[in-house]
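Notes for the one structure printed next.
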Amino acid sequence: MSYLDYKVTQTPTGIRKILYLNWPLVFLLTAVSSVGFLMLYSVAGGDIDRWARPQMERFAVGMVVMMALAFVPIWFWRGISVAAYIGCLLLLIAVDLFGAIGMGAQRWIDLGPIRIQPSELMKIAMVLVLAAYYDWLDISRVSRPLWVLLPVVLIMLPVGLVLAQPDLGTSVMLIAGGGIVMFAAGVSLWYFGAVIAMVVGLVTTVMKSRGTDWQLLHDYQFRRIDTFLDPTSDPLGAGYNIMQSQIALGSGGWSGRGFMQGTQSRLNFLPEKHTDFIFTVLAEEFGFIGAMSLLALYVLILGFCLHSALTNRDRFASLLTIGIAGTFFLYFAINMATVMGMLPAKGSPLPLVSYGGTAMIILLLGFGMVQSAHVHRPR
Amino acid sequence: MRKSPAEILESTRLIGRRGLMLGGIQLGVVSALGLKMRSMQLDHADEYRMLSDGNSIKLRLIPPARGLIHDRNGIVVAGNEQNYRVTLTREDAGGDVRTVLDRLTRLIPITPERMDELLAEFRKRSAITPIAVADRLNWEQFSSIAVNAPSLPGVTLEAGLSRVYPRGGDLAHAMGYVGPVSDYDLSKIEDPDPVLMLPEFQLGKVGIEAKLEEVLRGHAGARRVEVNSAGREMRELSRQEGQQGATVQLTIDARLQNYAAQRLGQESAAAVVMDVQTGDILAISSSPVFDPNLFVRGISGPDYRALMEHDHRPLADKTVQGAYPPGSTFKMVTLLAGLDSGVINGGAGYYCPGYLELGTRKFHCWRNSGHGHVGIVASLEQSCDVFYYELAQRVGIDRIAAMARKLGIGVRHDLPMSAVTEGIAPDREWKKARYDQEWRIGDSLNASIGQGYVLASPLQLAVMTARVATGKNVQPRLIRAIDGVPQPMAEAEDLGLNPAHLDLARKGMDAVMNSNRGTAQRSRIIAPEWRMAGKTGTSQVRNITTAERARGVTKNEQLPWNRRDHALFVCYAPYDNPRYAVSLVVEHGGGGSAVAAPVARDIMLFALAGGLPPLSAVPDGERAGMEERHKLMTLIAPDDQPASGSSRA
């Protein structure tokens with residue numbers, strides 16, 4: 067209940083809140099999304115109706131959601147964090163039980179017109195619940211084993227459910243997202259060191275399990291690892307995509323081939339060029355300058371979030387902001403590393419740029435909370 | 005719980021430190037991404053750009069060789085042959101396609117119409133797309149083009165495999181054929197194999213070829229090739245061989261199949277030979293046949309029209325798609341239904357005055373003068389209709405229909421062929437559902453002699469015969485082994501019919517052939533070890549109208565072909581130790597005993613003898629005709645091996 071410590075009366079009220087929004091962040095999000103519109107227009111071969119227009123509509127909806135959320139007091143978000151987490155957990159269980167089969171994995175709940183991907187929602191809910199937890203927890207206890215175990219359980223419950231789908235990529239993101247909040251909350255670095263050591267051990271074990279009766283991953287996941295290590299080993303499958311993606315990226319050069327001039331992307335060498343591989347199109351058509359500009363926009367978003375977090379005396383608000391920004395960071399870093407061939411292909415979108423509603427709405431929802439934290443900061 | 009200012013300060017300090025560390029880590033990752041971009045886009049840009057547009061590496065699929073199909077003895081019935089093709093690329097021809105084509109015309113025949121088509125296609129397609137000018141070149145044409153290559157810029161010779169059916173039309177209906185992949189085909193497949201997009205790729209369209217497509221197709225290989233900016237291959241960088249489709253072995257005996265096809269000749273007919281113990285289909289022949297190779301090569305308009313407009317419907321597979329009123333061959337079903345339900349016992353008999361009056365309607369026996377008192381065996385032997393009218397009235401249609409289904413009529417048999425019919429074993433419920441009418445006793449009478457609503461395919465008749473012969477629930481099968489792995493055979497269970505009842509039916513069928521008054525006595529087999537039992541059937545397609553009767557048309561032969569009776573015959577042999585069942589339908593052939601029985605007998609003999617049977621197996625009067633027929637046939641020699649057709653196994 068620490069908000070009572072701040073002079074609540076000094077937080078802006080009503081429509082005046084709009085003046086206290088983190089406006090640079092709003093502009094940066096719009097700028098990044100606009101890059102997305104441009105690229106979607108380009109990959110559709112100059113057809114705005116194919117992807118760009120629906121994406122703009124979603125962005126508009128997302129912006130409205132973000133603004134609406136920004137007006138909701140930050141203590142409301144803390145109040146519902148546990149309920150949101152449990153709700154998402156139940157949805158995840160529901161997906162595991164009745165989820166529609168999509169891409170060889172159960173990930174969605176079909177509710178007629180909308181499809182909910184609870185694992186995406188969970189990324190936000192997890193940050194919420196962990197931020198609330200560390201807000202509640204006495205700082206002196208943060209690194210006590212028992213008080214470290216509880217957030218670990220909070221992370222591993224949804225991770226287990228997501229793994230059962232099975233969706234390794236999202237599981238990794240959930241762990242990393244939760245880890246970022248724990249890290250920011252001040253959990254001793256020794257724990258992180260231990261986890262890293264365990265992961266290394268686990269990876270070794272998993273790789274050794276291949277071909278035995280206790281094989282821990284699906285064959286296709288092992289093949290992806292093979293392909294990652296040597297893209298040419300599967301020239302027809304995923305390795306083909308990565309090879310083509312690298313060729314397209316590299317051939318962009320300093321300034322690129324020009325808008326709508328990317329040959330690799332044009333000639334359909336790239337699959338899913340409007341979703342997971344859209345960064346490739348950008349890098350091919352606008353070259354190093356274009357790619358770095360987008361990266362710079364992303365870094366600026368991170369920077370403004372971090373600044374907002376570090377100048378906010380509300381522990382919950384700070385942790386929430388860092389957690390959401392961290393999730394955002396994971397999205398774009400994983401996507402870029404994937405298309406450059408630095409990570410195994412796993413099908414993750416480039417945040418705010420890739421075509422697709424779920425990720426965009428979820429992220430803007432998250433940024434809505436970041437804005438709420440910014441607006442309702444103790445003064 | 006309020007937080008003290010000290011706590012808040014502590015928290016802010018901690019988050020500040022950790023936040024900056026986190027920011028540092030994130031910045032580190034972003035720098036790594038940036039450096040990688042720098043390395044790819046600035047330091048190695050030239051290499052990637054070369055890969056992208058100069059000499060670029062392309063992936064070419066190697067189409068897999070389609071799996072071979074053998075008969076039960078290893079004779080190839082569907083193979084692959086080398087197909088030499090010549091393609092022309094406009095850009096490499098220096099843009100002057102016409103001149104190159106004119107030169108080609110001197111080496112290979114290109115009709116003026118084909119020339120126009122080609123020129124139109126060259127205008128339409130991209131300059132770098134190779135277009136097939138001609139395929140199925142013979143070796144002379146192929147080599148003459150190769151020799152003249154320097155004066156034929158842009159011309160490429162390609163060798164590929166294409167499907168061939170060495171036995172021609174023999175097995176055309178069951179086998180089906182392959183053809184080019186159409187957009188419609190692709191639309192039906194979820195996540196189509198990329199190999200299907202290859203321009204020359206062919207997939208199974210109908211029959212076994214279609215049903216076993218997945219098994220036969222194999223897996224594509226891939227080659228990485230370096231191509232120049234014109235798209236022409238410079239060299240091959242790596243190669244990953246594909247996997248040929250599985251070899252499928254059928255239960256068919258190609259030699260018997262070939263004999264059956266020739267024996268049916270140009271009649272519109274169907275014959276099925278089945279092993280009564282295993283259910284193996286040894287021959288399944290529909291006539292007239294068509295040459296499936298025509299479809300593989302792309303059938304011409306006139307050829308296709310000729311097949312479509314032929315009144316004997318060569319494209320229809322009459323063995324499994326055709327549903328015919330089984331006529332008197334259905335009498336075993338009615339009889340067994342009567343015996344099984346206890347309505348009659350072995351000693352039963354009815355009096356046949358030549359007709360049966362039912363209310364105001366008169367149901368005729370085929371023999372107007374009547375059969376007098378008829379027992380069970382005699383009822384089959386002489387095919388007395390009135391016996392079955394009497395029986396049907398007492399048994400009721402539902403029990404007859406149940407027996408029909410038990411014996412395989414009105415049931416869809418699961419064979420990998422196209423449009424396998426279910427036939428009709430009608431009962432009250434069926435008529436209610438189909439016509440919304442009540443079942444009438446007259447319907448039962450018609451059904452009892454295999455007329456009216458009853459429909460059965462030749463396959464179903466063969467299954468029925470096999471089941472009567474063995475008393476077991478024999479299931480037909482067509483696939484013997486896939487890639488050398490024998491396919492599971494359903495263990496034939498006992499049908500649960502009283503052996504004494506089955507024996508009566510068999511005795512009746514024996515009498516049809518081997519007693520002096522039997523309807524098919526002329527077609528009997530006199531070799532004692534092959535003694536055959538059978539049943540004739542003549543099913544009306546349409547009644548002779550009163551108007552026709554007035555004009556004096558009373559005989560079947562006087563009617564136009566397509567309104568004459570169907571001739572049917574089912575049989576099994578040897579009588580005391582059954583091995584094969586044969587069913588035969590000659591559409592509009594006339595009488596079952598005169599038309600269908602001799603053909604079925606010949607096919608049965610060929611199966612029993614494992615080749616041309618000795619003439620001594622048939623009665624004196626039949627030998628001359630049989631010898632004459634055999635002289636006109638060209639059969640597969642007993643030791644004929646899969647010589648033609650395939651180089652890859």
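Chains A and B are the protein sequences, given in the same order.
Just so you know, the working numbering puts the end of the first sequence at 445, numbered straight through with nothing missing.
Just so you know, the working numbering puts the end of the second sequence at 653, numbered straight through with nothing missing.
For each residue, glycine too, the CB sits at the ideal point set by N, CA and C.
Here the structure is a predicted model, which means the values were calculated and not measured.
Measuring alpha carbon to alpha carbon, tell me which residue in the options is nearest residue i.
i, options, result
"A25 (chain B)", "A:L255, A:G319, A:P78", "Looking at the sequence shown, residue 25 (chain B) is not Ala but Met. Residue A:L255 is the option with its Cα nearest to M25 (chain B)."
"R170 (chain B)", "B:E361, B:D295, B:G625", "According to the sequence as given, residue 170 (chain B) is Pro; it is not Arg. The residue with the shortest Cα to Cα distance from P170 (chain B) is B:D295."
"M435 (chain A)", "A:Q121, A:G102, A:G145, A:D113", "A:G145"
"V277 (chain B)", "B:M637, B:A577, B:H634, B:R627", "B:A577"
"E213 (chain B)", "B:L463, B:R22, B:S422", "B:S422"
"Y151 (chain A)", "A:V193, A:A126, A:G353, A:G112", "A:V193"
"I445 (chain B)", "B:S43, B:L612, B:L360, B:R484", "B:L360"
"K209 (chain B)", "B:A524, B:T333, B:S186", "B:S186"
Are the C-beta atoms of residue i and some chain A residue less than 9 Å apart?
i, result
"G222 (chain B)", "no"
"M201 (chain B)", "no"
"L37 (chain B)", "yes"
"T115 (chain B)", "no"
"L190 (chain B)", "no"
"M41 (chain B)", "yes"
"K436 (chain B)", "no"
"K7 (chain B)", "yes"
"L55 (chain B)", "yes"
Taking 9 Å as the CB-CB limit, is residue i close to chain B?
i, result
"A349 (chain A)", "yes"
"S254 (chain A)", "no"
"H340 (chain A)", "no"
"G319 (chain A)", "yes"
"L429 (chain A)", "no"
"M358 (chain A)", "yes"
"I246 (chain A)", "yes"
"S438 (chain A)", "no"
"G111 (chain A)", "no"
"L94 (chain A)", "no"
"L386 (chain A)", "no"
"M435 (chain A)", "no"
"L106 (chain A)", "no"
"G243 (chain A)", "no"
Give the residues of chain A in contact with residue i, contact being defined as C-beta atoms less than 8 Å apart.
i, result
"G27 (chain B)", "L368, G369, L372"
"E161 (chain B)", "The residue asked about is misnamed: residue 161 (chain B) is Leu in this sequence, not Glu. Per Cβ cutoff of 8 Å: no residues; L161 (chain B) is ~26 Å from chain A at best."
Which chain A residues are close to residue i, counting only those with a beta carbon under 7 Å from its beta carbon?
i, result
"S15 (chain B)", "I205, R381"
"Q30 (chain B)", "L368, F395"
"L141 (chain B)", "What L141 (chain B) touches in chain A: nothing, since even the nearest Cβ is about 31 Å away."
How would you list, in chain order, the residues of chain B whose beta-carbon sits under 8 Å from the beta-carbon of residue i?
i, result
"Q312 (chain A)", "M44, Y52"
"A250 (chain A)", "I19, R22, G23, L26"
Residue i versus chain B: which residues are under 9 Å apart at the beta carbon?
i, result
"V365 (chain A)", "Q30, L31, V34"
"L416 (chain A)", "Within 9 Å Cβ-Cβ: nothing; L416 (chain A) doesn't reach chain B, min ~12 Å."
"L220 (chain A)", "In chain order: nothing, as chain B lies at least about 19 Å away."
"L361 (chain A)", "V34, L37, G38, M41"
"M408 (chain A)", "A36, L37, K40"
"A197 (chain A)", "Within chain B, no residue comes near A197 (chain A); the closest Cβ sits about 11 Å away, beyond 9 Å."
Mind listing the chain A neighbours of residue i? Cutoff is C-beta to C-beta under 9 Å, in chain order.
i, result
"A49 (chain B)", "G316, S317, G318, G319, W320, G353, F354"
Quick one: list the residues of chain B neighbouring residue i, beta-carbon separation under 7 Å, in chain order.
i, result
"M402 (chain A)", "L37"
TODO: Taking only runs that begin and end inside the segment 441 to 486 of chain B, name each unbroken alpha helix (DSSP H) of 4 or more residues, in chain order.
DONE: Segments of the alpha helix (DSSP H) lying fully in the segment 441 to 486 of chain B: 445 to 452, 462 to 474.
Open item on the list: At 4 residues or longer, what runs of the alpha helix (DSSP H) sit wholly inside the segment 11 to 57 of chain B?
Closed with: Those alpha helix (DSSP H) runs which fall completely within the segment 11 to 57 of chain B and span 4+ residues are 49 to 57.
- [ ] Assess, as a yes-or-no matter, whether the segment 348 to 360 of chain B is touched by the segment 586 to 605 of chain B under the definition of 3 or more beta carbon pairs within less than 8 Å.
- [x] No contact exists between the segment 586 to 605 of chain B and the segment 348 to 360 of chain B.
Task: Those runs of the beta strand (DSSP E) which lie wholly inside the segment 498 to 540 of chain B and span at least 3 residues - done: The qualifying runs do not exist here; there are none.
- [ ] State whether the segment 400 to 409 of chain A contacts the segment 96 to 107 of chain A, with contact taken as three or more CB pairs (one from each stretch) at a distance under 8 Å.
- [x] Fewer than three beta-carbon pairs drawn from the segment 400 to 409 of chain A and the segment 96 to 107 of chain A are found closer than 8 Å, and the two stretches are therefore not classed as touching.
TODO: Could you pull out every unbroken beta strand (DSSP E) segment of at least 3 residues lying fully inside the segment 156 to 199 of chain B, listed in chain order?
DONE: 159 to 168, 181 to 184, all fully within the segment 156 to 199 of chain B.
- [ ] Please specify which runs of the beta strand (DSSP E), each continuous and at least 3 residues long, are wholly inside the segment 239 to 321 of chain A, giving them in chain order.
- [x] Those beta strand (DSSP E) runs which fall completely within the segment 239 to 321 of chain A and span 3+ residues do not exist here.
Open item on the list: Contact between the segment 477 to 490 of chain B and the segment 456 to 467 of chain B is defined here as three or more beta-carbon pairs at a separation below 8 Å; is this criterion met?
Closed with: Segments in contact, yes.
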